[in-house]
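Going by our numbering, 468 is the number at position 448 of the sequence shown; the sequence numbering is gapless.
Heads up, the thing below is written out as structure tokens.
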Amino acid sequence: SIKNYSKNNHLQTMHIHSNIKPPTWHSLGCSGGVYRHRTVPPGSIMLWRFFSCQEGKKPPSKQKSKPSKVTTSELSYQSRLRLERDNWNGIAARYKATTKRIKEKLEELNKYTFSAESLRMKFGENVCFTENGCVFLSRAGDDEGNVDVLFSTKDLGFSDAFIQRIRISPDQRYMAISLKSENSEEATCVIMKLDHFPVVEKVIPSVFSFEWATNDVLYYTSQKNLKCQNVFMTTFTNQKHTKLVYTEKDARFFVDIYRTKDERFLTINSNSKTTSEVWLIDCRNPFKLPALIQARRKGVIYHIEHRNDELYILTTHGEPEEYKVIVTVASSSIENWQLVYTPDEKTKLVDLEMFHDHCIMFLKNAGHLYLNVISFPSHSVQSVKLPAWACEFELESLPEHTSNTCYFQLSSPAHPPKRFAYSFKENNLIEQAVQEVPIIMNCHTTRLLAKSKDETLVPITVLHNKNCKELHRKPLLVHVYGAYGIDLNMSFKEEKLMLIEEGWILAYCHVRGGGELGLSWHKDGCQHNKLNGLHDLKACIMLLHELGYSQPKYTALTAASAGGVLAGALCNTDPELIRAVVLQAPFVDVLNTMMKTHLPLTIEEQEEWGNPLADEKSMRYIKSYCPYQNIKPQSYPSVFITAYENDQRVPLMGVIRYVQKLRKAALDHASTNKKGNRIPNIILDIQATGSHCDSSWGDSLNE
């Protein structure tokens with residue numbers, strides 16, 4: 021039973037789509053991670069910003085206007101684009117039968133697997149949740165299971181947007197929602213007044229993050245060209261007004277808003293890749309100027325939580341340079357910060373959740389996940405093992421600060437998310453009952469360590485069907501990322517489960533440059549250490565083959581975004597290790613991109629790749645591994661690349677140039693007429709819809 025107020029015209033109609041439409045120009049640049057509708061994990065106070073570069077290229081307008089001069093470069097771009105599309109249309113036909121079978125299988129799996137994209141949160145005794153572009157409210161005490169429709173994207177005229185974030189004011193009179201299109205990285209914030217009939221109160225375009233300070237005061241950050249540097253306050257009192265409260269002037273820093281779990285403070289977080297600064301806004305006095313916690317110090321990152329008049333700080337300050345938990349008071353300087361908890365060596369503190377009497381920490385060590393629970397009343401730490409198959413965890417949205425239970429989900433590439441609860445009272449882990457699904461789980465998980473060129477041990481996670489025999493004859497799909505200190509994405513995907521069921525081996529190589537073993541693991545694989553990640557990847561694939569997991573002629577390598585750097589580099593240095601490569605929105609021309617200092621976010625990227633213009637050593641080093649720069653006539657694996665017209669991070673023209681140069685090198689090698697020379701398939705699929713960070717289920721299914 022659904023009460024849909026909008027059917028009775030009580031939901032005020034506004035043309036929201038005019039604020040969220042796809043941009044009229046393409047922003048191009050380098051990478052972050054590619055995900056489906058993936059947002060900052062609920063409850064996370066750690067840095068999840070994917071920095072990038074971007075370049076504007078305005079295509080010919082579709083509207084009638086005065087004739088304008090078309091440059092030679094624009095003609096070249098359009099002709100190359102048409103050429104690649106014609107090539108793809110001719111090639112795609114040969115895969116129709118295979119595509120049909122795979123789509124049918126994935127659609128069947130999708131019916132029974134849990135969708136982690138739905139938002140669900142509790143407000144007092146009521147529960148708010150999203151489904152099919154709507155926000156529903158389930159009221160406490162309603163035994164008939166009725167729900168109210170508070171918001172509908174379809175009724176507001178933008179059916180192709182998805183709901184990214186929801187925040188409800190403390191008195192539950194207002195609801196702020198961010199809507200995001202798959203063709204743009206900018207979101208629009210819609211504020212609804214939740215009277216007897218919900219109505220649209222305000223629409224704010226280009227918003228990244230937002231939080232309620234009080235019942236009628238909202239703070240938010242604005243986003244432009246992938247950058248967030250301004251914080252605004254808007255009020256919904258009788259005298260409505262909006263004002264700028266903070267501006268970040270350093271182009272390396274990105275600003276967001278966060279509310280502490282006890283709802284006592286808002287924090288303005290200004291972060292670069294290596295340094296951060298936090299300002300506090302007192303929710304009891306939201307018009308007072310923000311107070312600085314600690315002025316930025318190079319190399320010190322910190323994030324704030326609050327409990328019982330004390331600040332709990334997740335920070336890299338002190339030795340070792342990994343995340344640790346500190347306690348202090350708001351007026352105390354960094355010299356007086358007191359250590360509460362530091363993880364073991366080679367252990368990554370992935371996330372933490374603060375409750376009134378407990379703090380629960382999610383940790384990762386060599387691929388294994390576990391929890392550490394701090395009890396404030398007893399001053400004790402409890403360690404909790406998690407199932408060996410688990411590769412990812414995700415906290416549930418906005419848990420109640422006074423709750424005695426922490427809810428979260430565990431998953432792996434081949435295991436749909438399972439809901440777990442940790443009881444602080446009972447000190448035990450409980451697997452929540454879930455609806456039975458007709459999926460046979462025969463997946464076996466193994467964790468290995470490969471010795472890299474400098475003898476560093478690199479973790480590998482391997483998944484395969486328990487019933488598979490003669491693994492050396494089975495196809496192997498190797499995954500790699502290795503950039504920005506971001507962990508390799510190991511969340512559940514239907515296509516991974518399908519591959520396991522069909523006899524494939526999946527290997528995830530946690531190479532340096534990623535974040536699997538902490539901040540030092542990232543540091544050892546960025547800037548002048550980037551080649552470490554390439555050596556790690558080679559060592560991982562060689563170990564897999566040595567242990568009998570497939571062989572080169574049955575091995576494929578897949579990577580997305582910045583992972584394309586290592587995958588493309590391996591194709592140049594050791595093409596004999598793999599037979600095929602699948603790349604999604606790959607960053608393959610590092611040198612040319614980092615030479616363009618006029619791009620809005622190039623300065624941020626220098627902390628990851630180096631500055632080739634200011635440093636001759638950096639230029640030579642980048643050139644030594646850059647995939648585009650090192651293409652040469654030799655036997656290459658077959659390559660399938662997906663790129664997006666609306667990608668604001670990876671230059672489409674750069675991808676096209678890479679593909680065409682790779683084809684020429686492969687043909688030049690084959691033309692030598694040596695025995696055994698083959699011409700690899702090098703395919704580029706340029707998708708008109710979707711973008712670097714978001715693709716719909718339908719688009720992902722087609723791909």
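Each residue gets a CB set at the ideal place from its N, CA and C atoms; glycine is no exception.
Quick caveat, the model's predicted, so the values are computed rather than measured.
By the Cβ rule, the stretch 171-186 counts as touching the stretch 194-213, because three or more pairs are nearer than 8 Å.
Annotated three-state conformation of His492 is helix, per DSSP. If you look at Asp302, you'll find it in the beta strand (DSSP E) that goes 296-302. Note on geometry: alpha-carbon atoms of Lys247 and Glu268 lie some 10 Å from one another. Taking the C-beta atoms as reference points, Leu517 is found no nearer than 7 Å to Ala576. Three or more Cβ pairs closer than 8 Å define a contact, and the stretch 383-395 falls short of that threshold against the stretch 289-306. For Val349, the secondary structure class from DSSP, reduced to helix, strand or coil, is coil. Note on Arg669: 16 or more other CB atoms within 10 angstroms of its CB, so buried under the neighbour-count rule. Annotation: the continuous beta strand (DSSP E) that includes Ile183 extends over 181-188. Per DSSP, the continuous alpha helix (DSSP H) segment holding Ala589 begins and ends at 583-593. Residue environment for Ser691: exposed (fewer than 16 other C-beta atoms within 10 angstroms of its C-beta). Counting other Cβ atoms within 10 Å of its Cβ, Met253 reaches 16 or more and is therefore classed as buried. Closest by C-alpha distance to Thr150, out of Gly505, Leu199, Ala113, Tyr115, is Leu199. Each residue's CA atom was taken as its position, placing Thr241 and Arg677 some 36 Å apart. Of the candidates Asp474, Leu312, Glu628, the residue whose Cα lies closest to the Cα of His548 is Glu628.
In this structure, Leu430 sits near Phe413, with a CB-CB distance shorter than 7 Å. When the Cα atoms are used, Lys281 and Lys681 turn out to be separated by approximately 52 Å. Boundaries of the alpha helix (DSSP H) around Ala690: 672-690.
Between Leu139 and Ser423, the C-beta gap is not smaller than 7 Å, which leaves the two residues out of contact. Fewer than three Cβ pairs drawn from the stretch 518-533 and the stretch 348-357 lie within less than 8 Å of each other, which leaves the two stretches out of contact.
CA-to-CA, the gap between Asn356 and Gln314 works out to about 11 Å. The alpha carbon of Met374 has as its nearest neighbour, out of Glu283, Pro218, Ile122, the alpha carbon of Glu283. Within the same chain, and ignoring the five residues on either side of Ile277 in sequence, the residues whose Cβ sits closer than 8 Å to its Cβ are Ser229, Phe230, Glu231, Tyr239, Tyr240, Thr241, Val251, Leu286, Thr287, Ile288, Asn289. As computed with DSSP, Val223 is found in a beta bridge with Val210. Contact between the stretch 463-473 and the stretch 496-511 is absent: fewer than 3 CB-CB pairs across the two stretches fall below 8 Å. CA-to-CA, the gap between Tyr574 and Asn109 works out to about 27 Å. Pro572 carries a helical assignment under DSSP once its states are collapsed to helix, strand and coil. For Pro479, DSSP records a beta bridge to Leu469. Linking Val219 to Leu157 through their CA atoms gives a straight-line distance of about 15 Å. For Cys560, the three-state secondary structure derived from DSSP is helix. For Tyr645, there is no enclosing beta strand (DSSP E); the residue is found in the alpha helix (DSSP H) stretching over 636-645. In the three-state reduction of the DSSP assignment, Gly553 falls in the helix class.
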